[in-house]
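Per the working numbering, the very first residue in the sequence shown carries number 663; after that it's consecutive.
Beta carbons: idealized from backbone N, C-alpha and C, even for Gly.
Bear in mind the structure is a predicted one, so any value in this text is a computation, not a measurement.
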Amino acid sequence: MQTLIGKQLRDLYDSVLVEPLPDKIVELLTKLDDLTGDDDNQDSSGSSSADSDRQ
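Below, the structure is given as structure tokens:
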């Protein structure tokens with residue numbers, strides 16, 4: 663029974679991951695990016711591409 667419930671929950675939440683973000687959320691994320699400055703050049707380690715260019 664737990665296996666079936668687990669599978670159904672995974673199926674449900676996996677489908678949520680592929681749904682597009684609502685326009686309002688995209689707008690809020692864009693505003694947040696604008697407020698925090700130009701962080702578009704940062705990779706997942708937190709260093710910017712400018713830092714890697716200097717090496």
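Straight-line gap, residue i to residue j (C-alpha atoms, nearest Å)
i	j	result
L666	V688	35 Å
P684	M663	35 Å
S677	G699	33 Å
L690	L674	26 Å
Q717	K686	Any reading at Q717 must be qualified, since the residue scores a pLDDT of 47, below 50, and its modelled position is unreliable; the value itself is stated next. Using only the alpha carbons, I get a separation of about 40 Å.
Backbone secondary structure at residue i - three-state DSSP
i	result
G699	coil
E689	helix
L651	This structure cannot settle anything about residue 651, because the visible part of the chain is limited to 663 through 717.
L679	helix
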